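Trainee: First the structure, then my questions, so here it is.
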Amino acid sequence: MFWVPLLLLAWAATGLSCGRLCLAASRASAQEKPAVRGHELTLYEAAFLSGGPSRVADVTLVAMARARRLLIAHTGWATVVDPVGRDDMERSVLGAIGPAGQSRIAPIRLGAAAAGPVRALADRLVAAGLAVPEGAVSGVAGAVRQVRAATVAVLALGTVAVLMPSQERATAGQVPVAIWFTLPLLLCVGCLLIARVEVHPYTRWASPAGQRLLGSLSARGDHLTAVAVRGVRATGDPELRAAFSHRGPGETAQRGH
134 MFWVPLLLLA WAATGLSCGR LCLAASRASA QEKPAVRGHE LTLYEAAFLS
184 GGPSRVADVT LVAMARARRL LIAHTGWATV VDPVGRDDME RSVLGAIGPA
234 GQSRIAPIRL GAAAAGPVRA LADRLVAAGL AVPEGAVSGV AGAVRQVRAA
284 TVAVLALGTV AVLMPSQERA TAGQVPVAIW FTLPLLLCVG CLLIARVEVH
334 PYTRWASPAG QRLLGSLSAR GDHLTAVAVR GVRATGDPEL RAAFSHRGPG
384 ETAQRGH
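Residue numbers (this note's numbering): 134 to 390.
This is the structure in structure tokens:
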């Protein structure tokens, strides 16, 4: 009967992890809102749904560079030519560049992505049912990781119980010891399968409705739409690609483009 404490540990790990997953999935479902019908994505909205706040900053920088209102060098520096922003996003970029009129791209992206206009854009997309509420998917993903860890723990505990030197191979009430550990294992695996079906339609940013709109938008062939959907790597300008991938002293690679 030395295997009983191990079985209790297995059930405790299973119950806590599966309970957390159910709670996270319930919260995510409660946060979902029906998508607004007939909504047409703007360039900034498509950028946010595809790559989040940093993608919005990237599209704004590329658009300003193509309009010759901003010079972007392949060395990773941006210089202001026209200090008047045409919209809130451009004004955020100009504000991130600062009064000197010149800055490296990495801090510009960070500053513009964290600015108020991008947060307001995110709120509008969530309210329209096109974006995933902040923390919804990450909460479910964390719970899924915990269930996976519990699955491994149940397998390990069951193996130890079966291989214990003092453990009779026979049974506990004519039921093999391994069978008792199969029950929490099946519960963990079942929760993982259900979570895969439920979480799979979501990306980090776009809800299923947002993804459908992005799918229709990606058929367009214009340059800025390609950058919004696929990132700066979609641009045909090698200097722009070099500028966004360039690292200055002390800078780390920027993700999301």
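The beta carbon of each residue, even a glycine, is placed where N, CA and C say it ideally should be. All values reported here derive from a predicted model rather than from experimental measurement.
(1) Would you call the segment 355-367 and the segment 180-187 touching, i.e. three or more CB-CB distances under 8 Å?
(2) Using the C-alpha atoms, what's the distance from V280 back to S159?
(3) Classify T212 as helix, strand or coil using the three-state DSSP reduction.
(4) Grab me the residues of G218's own chain with a C-beta within less than 6 Å of its C-beta, minus the 5 sequence neighbours each way, in chain order.
(5) Taking all protein chains shown into account, decide if L174 is buried (16 or more other Cβ within 10 angstroms of its Cβ) or exposed.
(6) Within the same chain, show all residues whose beta-carbon is closer than 7 Å to that of T385, passing over the 5 residues directly before and after it, in chain order.
(7) Using three-state DSSP, classify L204 as helix, strand or coil.
(8) With a threshold of 8 Å on Cβ separation, who are the neighbours of V287 within its own chain once the five nearest residues in sequence on each side are excluded?
(9) With 16 other CB atoms within 10 Å as the buried threshold, where does V285 fall?
(10) Using the rule of at least 16 other Cβ atoms within 10 Å of the residue's Cβ for burial, across every protein chain shown, is T304 buried or exposed?
(11) So, at 7 Å on beta carbons, what are the nonlocal neighbours of L139 in its own chain, with the 5 sequence-adjacent residues on each side left out?
(12) Looking only at its own chain, which residues have a Cβ that is under 6 Å from the Cβ of A229, when we skip the five neighbours before and after it?
(13) Determine the extent of the beta strand (DSSP E) in which D236 is found, giving its start and end residues.
(14) Helix, strand or coil, according to DSSP, for V330 in the structure here?
(15) In angstroms with no decimal places, state the Cα-to-Cα distance between L204 and L149.
(16) How many Å lie between R337 and D221 at the Cα?
(17) To the nearest angstrom, how far is it from the Cα of V214 to the Cα of V360?
(18) Give the DSSP-derived three-state secondary structure of A248 in the structure shown.
(19) Using a Cβ-Cβ cutoff of less than 8 Å, which residues in the same chain neighbour H415 once the five nearest sequence positions on both sides are dropped?
(20) I'd like to know whether the C-beta atoms of L154 and A283 end up nearer to each other than 7 Å.
(21) Check whether the Cβ atoms of W136 and V308 sit closer than 7 Å, and answer yes or no.
(22) Since F377 is in the alpha helix (DSSP H), which residue starts that stretch and which ends it?
Mentor: Looking at the coordinates:
(1) Segments in contact, yes.
(2) Mapped onto the sequence shown, residue 159 falls at position 26. Mapped onto the sequence shown, residue 280 falls at position 147. So the two alpha carbons sit approximately 16 Å from each other.
(3) Translated into positions along the sequence shown, residue 212 becomes position 79. It is a strand residue.
(4) As a working mapping, residue 218 is identified with position 85 in the sequence shown. Excluding sequence neighbours, G218 sits near R224, L227.
(5) Against the sequence shown, residue 174 aligns to sequence position 41. Buried, by the Cβ-count rule.
(6) Here residue 385 is taken as the residue at index 252 of the sequence shown, counted from 1. Residue placement at T385 is poorly supported in this model, since its pLDDT is 49, which falls under 50; the coordinates are not used for a value here.
(7) The residue labelled residue 204 in the question sits at position 71 within the sequence shown. Three-state DSSP puts L204 in a strand.
(8) Here residue 287 refers to the residue found at position 154 when the sequence shown is read from its first residue. Hits under 8 Å: A143, A146, T147, F314, P317, L318, C321.
(9) In the sequence shown, counting from the first residue as 1, residue 285 sits at position 152. Of the residues assessed, V285 falls on the exposed side of the cut-off, its CB having fewer than 16 other CB atoms within 10 angstroms.
(10) For this step, residue 304 is matched to residue 171 along the sequence shown. Bear in mind that the predicted position of T304 carries a pLDDT of just 46, short of 50, making it too unreliable to give a figure here.
(11) As a working note, residue 139 is residue 6 in the sequence shown. L290, V293, A294, listed in sequence order.
(12) Within the sequence shown, numbered from 1, the residue matching residue 229 stands at position 96. I241, G244, A245.
(13) If you number the sequence shown from 1, residue 236 lands on position 103. Note on identity: in this sequence residue 236 is Ser, with Asp being the wrong assignment. Note, S236: beta strand (DSSP E), 235-237.
(14) In the sequence shown, the residue the question calls residue 330 occupies position 197. Of the three classes helix, strand and coil, the one that applies to V330 here is helix, per DSSP.
(15) The residue labelled residue 204 in the question sits at position 71 within the sequence shown. The residue labelled residue 149 in the question sits at position 16 within the sequence shown. Whole-angstrom Cα-Cα distance: 54 Å.
(16) Position 204 of the sequence shown, counting from 1, holds the residue named residue 337. Position 88 of the sequence shown, counting from 1, holds the residue named residue 221. If I take the Cα positions, the gap works out to 24 Å.
(17) Indexing the sequence shown from 1 puts residue 214 at position 81. Indexing the sequence shown from 1 puts residue 360 at position 227. C-alpha separation (whole angstroms): 22 Å.
(18) Translated into positions along the sequence shown, residue 248 becomes position 115. Note: A248 maps to coil in three-state DSSP.
(19) The first residue shown for the chain is 134 and the last is 390, placing residue 415 beyond what the model contains.
(20) For this step, residue 154 is matched to residue 21 along the sequence shown. For this step, residue 283 is matched to residue 150 along the sequence shown. Taking 7 Å as the cut-off, the Cβ atoms of L154 and A283 do not count as close.
(21) The count along the sequence shown starts at 1 and reaches residue 136 at position 3. The count along the sequence shown starts at 1 and reaches residue 308 at position 175. Result no, Cβ atoms of W136 and V308 do not sit closer than 7 Å.
(22) Within the sequence shown, numbered from 1, the residue matching residue 377 stands at position 244. Where F377 is concerned, the enclosing alpha helix (DSSP H) stretches over 371-378.
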